[in-house]
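Enquirer: Below you'll find the structure I mean.
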Amino acid sequence: SRSLFGSKDPHPCPVAPSILDSSALESSRRRRRRARRPNMALLLSRARLGLRATSALRGGHHLTSYSEVGPWSTFSLRMRYTMLLKNQTDPTIADYFFEKWVRDWCADAPSYNYWWVTSFAMGAMVGILSRHWFFNPDLYGRRQESRKPLPDRHRQWSYSLPYFNHRMRNFVAKYKWCMIDNEPDWADYHPIGYRPNRKQIHRRPYMWVFTVPRYTCEDPLYTSVTHENMNRIYEEIGYSKKPAWAQGDEDED
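All residue numbers for the sequence shown refer to the numbering used here, where the first residue is 4 and numbers rise by one.
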């Protein structure tokens with residue numbers, strides 16, 4: 004017999020050739036069986052790797068068996084889980100319900116977009132209702148608020164100034180003529196003076212409103228449909244009278 008380097012081996016081993024021959028024979032048999040077996044599409048695709056990776060989701064394995072290291076890991080959430088519940092008398096029960104919570108909430112990827120929509124809607128609801136509750140003078144929660152003396156009522160009315168004159172409203176109210184076709188300036192003039200009088204801007208908003216002319220001077224009907232002009236027409240034909248704050252001595256009769 005010869006060694007691996009081609010020279011004669013002075014001390015041949017009787018076991019080595021049999022082991023080599025049997026292993027080579029077995030490998031050739033496996034190759035022939037693999038050649039005769041038809042290749043399935045799933046075996047040749049990368050989908051099998053995804054199925055293999057998600058065996059914990061497909062089977063009865065525990066999702067919480069795999070945890071990273073850190074304060075926001077699965078294990079750290081399990082340690083905080085019992086603080087959110089009031090009826091966890093045993094660690095085994097806590098483990099069971101925590102596993103169900105992870106599977107029902109965290110393993111449902113299509114529900115993630117609904118989480119975002121719900122969170123956004125709840126935040127918008129809190130912001131809108133808080134704005135009305137704290138700044139709208141027409142809303143109050145206690146009956147005694149409507150029975151206070153007038154100086155205290157003036158103090159409460161002063162709280163509503165941000166509701167009438169906050170920065171966002173002053174910024175967007177000048178573009179009402181781009182959204183309202185008839186009398187867009189109906190609330191620009193404030194006779195009592197809680198806020199400064201507004202005026203419509205001469206141009207349309209940048210980049211996102213294309214249904215109106217670029218400038219008010221290009222619209223031939225802009226001055227005709229304003230609230231000021233409509234009131235003037237109604238007063239001239241006797242359909243309505245001037246408001247009390249706009250009447251002079253000659254208009255009192």
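Note that the Cβ used here is the ideal one computed from N, Cα and C, for glycine as well.
All figures in this text were calculated on a predicted structure; none of them were measured in a lab.
#1: Quick check on DSSP: helix, strand or coil for Y99?
#2: Quick one: what's got a C-beta closer than 6 Å to W189's C-beta in the same chain, skipping five residues either side?
#3: Between the alpha carbons of P194 and V215, how many angstroms are there, rounded?
#4: Below 8 Å between beta carbons: does that hold for F1 and Y115?
#5: Mind checking W108: buried by the 16 CB within 10 Å criterion, or exposed?
#6: Can you check the stretch 109-190 for any alpha helix (DSSP H) of at least 4 residues that lies completely inside it and give the ranges in chain order?
#7: Go ahead and pull the three-state DSSP assignment for Y237.
#8: For C220, count the other beta carbons within 10 Å of its own beta carbon; 16 or more makes it buried, fewer makes it exposed. Which is it?
#9: So what does R206 bridge to, in DSSP terms?
#10: Using CA atoms only, rank isn't needed, just tell me which of A247, N90 and Y197 is closest to H157.
#11: Looking at the secondary structure, which residues open and close the alpha helix (DSSP H) in which P81 lies?
#12: Could you compute how far the alpha carbon of I131 sits from the alpha carbon of A176?
#13: I need the straight-line Cα distance from F78 to C181, nearest angstrom please.
#14: Between the alpha carbons of L164 and R106, how many angstroms are there, rounded?
#15: Between P187 and Q203, which are expected to be in contact by the criterion C-beta below 8 Å, what is the C-beta distance as a whole number of angstroms?
#16: Is the stretch 114-128 touching the stretch 88-104 in the sense that three or more CB pairs, one from each, lie closer than 8 Å?
#17: I believe W160 touches P140 by the beta-carbon criterion, under 8 Å. Please report the beta-carbon distance rounded to the nearest angstrom.
#18: For N185 versus V228, is the C-beta spacing smaller than 8 Å?
#19: Using C-beta distances below 7 Å, list every residue in its chain close to M210, excluding the 5 sequence neighbours before and after it, in chain order.
#20: In angstroms with no decimal places, state the Cα-to-Cα distance between S243 and Y237.
#21: N232 by DSSP, collapsed to three states: which one?
#22: According to DSSP, simplified to helix, strand and coil, what is R106?
#23: Measuring CA to CA, which of R201, Y143 and R33 is closest to H169?
Expert: Taking the coordinates as given:
#1: Y99 falls in the helix class under three-state DSSP.
#2: Around W189: H230.
#3: Their backbone Cα atoms lie some 30 Å apart in a straight line.
#4: Here the chain has residues from 4 to 256 only, and residue 1 is not among them.
#5: In summary, W108 is exposed, with fewer than 16 beta-carbon neighbours lying within 10 Å of its beta-carbon over all protein chains present.
#6: Fully enclosed alpha helix (DSSP H) runs of 4 or longer: 115-138, 153-162, 164-167, 170-175 and 179-182.
#7: Y237 falls in the helix class under three-state DSSP.
#8: Exposed.
#9: In the DSSP output, where bridge partners are listed per residue, R206 has Y218.
#10: Residue Y197 is the option with its Cα nearest to H157.
#11: Reading off the sequence shown, one finds Arg at residue 81, where the question assumed Pro. It spans T77 to Y84 - the alpha helix (DSSP H) in which R81 sits, taken as one unbroken run.
#12: For I131 and A176, the distance between alpha carbons rounds to 18 Å.
#13: Rounded to whole angstroms, the gap between the alpha carbons of F78 and C181 is 56 Å.
#14: Between L164 and R106, the C-alpha separation is close to 50 Å.
#15: So it is a contact: roughly 6 Å between Cβ atoms.
#16: Pairwise C-beta distances place the stretch 88-104 out of contact with the stretch 114-128, as fewer than three of them are shorter than 8 Å.
#17: Approximately 6 Å separates the beta-carbon atoms of W160 and P140; this is inside 8 Å, confirming the contact.
#18: Yes, the Cβ-Cβ distance between N185 and V228 is below 8 Å.
#19: Cβ within range, chain order: n/a, list empty.
#20: Going by the C-alpha atoms only, they are around 6 Å apart.
#21: Three-state DSSP puts N232 in a helix.
#22: Looking at R106 - three-state DSSP - the assignment turns out to be helix.
#23: Answer by Cα proximity: R201.
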